[in-house]
Structure formats: C-alpha cells, structure tokens
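Positions 684 to 999 (this note's numbering) are the ones given, in order, by the sequence shown. Beta carbons: idealized from backbone N, C-alpha and C, even for Gly. So the structure is just underneath, and the comments pick up after that.
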Amino acid sequence: MKKIATLIAGFSSLALYGQDAAVAPEAEHVKNLADKIHDMDSGLLVVLVAGIMMMIVMLLSTWVVIHAIINILNAENRAKGRPEISLFGDLKKKFITGDLLPVERSEEIQLSHNYDGIVELDNTMPPWLRAIFGVTILFAISYLGYYYVLGIGKFQTQEYKEEMEQASIEIAEYQKKAANAINEENVKQETDKVELAAAKEIFAKNCKTCHGANAEGGAGPNLTDAYWLHGGSVQEIFKTIKYGVPAKGMIAWQQKLTPKDIQSLTGYILSVQGTNPAGAKAPQGELVSASSDAPNDSTTTSVPADSTGQAGDSLK
684 MKKIATLIAG FSSLALYGQD AAVAPEAEHV KNLADKIHDM DSGLLVVLVA GIMMMIVMLL
744 STWVVIHAII NILNAENRAK GRPEISLFGD LKKKFITGDL LPVERSEEIQ LSHNYDGIVE
804 LDNTMPPWLR AIFGVTILFA ISYLGYYYVL GIGKFQTQEY KEEMEQASIE IAEYQKKAAN
864 AINEENVKQE TDKVELAAAK EIFAKNCKTC HGANAEGGAG PNLTDAYWLH GGSVQEIFKT
924 IKYGVPAKGM IAWQQKLTPK DIQSLTGYIL SVQGTNPAGA KAPQGELVSA SSDAPNDSTT
984 TSVPADSTGQ AGDSLK
C-alpha cells in the first residue's frame, strides 16, 4: 500500500507540473472543462465523484486481494519446496520474453553457423512479436479483400478525382454566389478577353436589334461614341442595363441576365468606345469624357439631344 500511495503522489505531482507548463490553448481547454463542471448540477457532480471514488476503491481492493492470494500460495509453495508464484513474472514470460533458455543452456539451441567466433542461437520468437506478425497478416488479408476483392474501398486516385469534382462544384457555387452579389455599387469594368467575348455573344443575342450588330445604333442610340443619355460610367451603364429605361422602350434586363452577365456586358460596351463602325448613328445625349485621375470617373458636357433619342430602346 505504501508503494501505491507513493505512485499516486508521484503522478499527482507530475499532473500539477504539467498544468503549470501547459500552453495557452491547453489552459483554455482546462478552463472550459472547469466551467462545464461548475455549471453541472450539484447532485450529478456528487454522483460522478462518488462513482470515481468507488472505482478507485474497487481497483485497490482487487489488487490487495490478488496480492494476498499470491502470498498465501507462495507460503504453501515455500513449505513444500516448490518455486514461488510471481504474477508479473509469469505475465512477462507469457507475453514478452517467452520460453527463453538460460545462458548456461545456450549450447542446446546453438546452430552450426560460426562467423569468426560469432555463433547463432535458435531462440524462439517473443510472443509480442509473433502477435504483431499475426496482426500484419490479418491486416494484409483484410486490405486485399476490402480494396481488391470486394471493391468496397476507394483508392487514393479515385478519392482524388472525387475530391476534385466536389471542389469544382463548390467553386462553381461560390462563383455563382459571388456573381449574384454584383450590383451598381460594387460593379467593376470587365477587361478579361474571355468574359468580353461571352458578353459580345450576349449583346448579339439581346441588344443588336435596337443598337446594331456593331453597337452603331438603330432604334436605340449609338454606343460607340462619347455621348450618353443616362451616364457613361461603369456604374451608370450597369444601372441602365439592370433597371432599363421603360419610358424609352428599354426593358429591365435584371430579370433575364445575371449580375455577372450585366457586368460583362457593361465592359463590352465600354470596350467598343471609339470604334466608329460604318453607319453609326448621330450622337445623342451628353458628352462624357474620362477623367485623367481615375478610369471610372467621368465628366459630362451638355449638348442638345438628337430628336431620335426621345423614342425607341435607349441604353445610353
């Protein structure tokens, strides 16, 4: 019992030392655990502590009973001249060392090999090593059946492909959400060639009827000059496309195009500025010149609007 008390005291001191040396995250976990214990119902806490104490008492009692039985058996063995029982010694022999012969009997298991006076002994494999060897064989058989025979398990290449496919889906979902978050306040001028090429197709499908195949104008105004009816900045063009101009026959495209498409379309319209296509319609609205300080800033100069700017689809 004195040995047991000494061990408990030693482990307690190690625990206290470990608490003093704990880093901040571990201290936080301890604090959280203390808070949870503090919040527990007092009756439940008493039962928990009592249960732990009873378990410790049962373990100690079991150890005392086993130790007493071994002492009684060893007393009988000593009286009859038989070897004493050693609980841990027997466990060590059964599971760790095995049936090792003493050094004095090593000649009995000596093999015929002799390398410069070094001889080989045919000792049996330790039980723990045999157990590990058996476990590896069982693992190999299970692995073979799980992956190759039954085909339940997935190989790393298959898992990689599935993870990449899932990542592509998540990226597409994220881009979709990000695209839907674009509005007239955070819109940016699109300059990517791929996006502008896609926007050109959107323009040809939805806008050329009123603004011409090359944005030269038709029922609607010319989009390639520097004159605008509703503002020529990125934000103003985006807003005009999004909400439309119902009074002049231009529909609100927010119901048919995504915010990302409207941003790309805005960038395309700005990209055709100054192209001067054949048959371009006369200027309408106000002259908008880009500021030298910022690409999206603009200054306007009022000029009389052409009479044709008062009817038809009017993006500008």
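Contact check for Trp936 and Ile924: beta-carbon distance about 5 Å, within the 8 Å limit, so the pair qualifies.
In the three-state DSSP reduction, Glu842 falls in the helix class (H, G or I).
Residue state for Gln967 is assigned as coil, using DSSP reduced to three classes. If you draw a 10 Å sphere on the C-beta of Met933, you find 16 or more other C-beta atoms in it, and that means buried. Per the coordinates, the alpha-carbon of Val955 lies some 12 Å from the alpha-carbon of His894. Closest by C-alpha distance to Thr949, out of Cys890, Gly968, Gln938 and Lys931, is Cys890. Look at His750 here: in three-state DSSP terms it is helix. Per DSSP, the unbroken beta strand (DSSP E) holding Ser795 starts and ends at Gln793 to Tyr798.
The stretch 902-922 and the stretch 823-831 do not touch, with fewer than 3 CB-CB distances between them shorter than 8 Å. Around the beta-carbon of Phe886, 16 or more other beta-carbon atoms lie within 10 Å, marking it buried. The straight-line gap separating the alpha-carbon atoms of Pro966 and Tyr951 is approximately 19 Å. In this structure, the straight-line span from the alpha carbon of Lys837 to that of Tyr831 is close to 10 Å.
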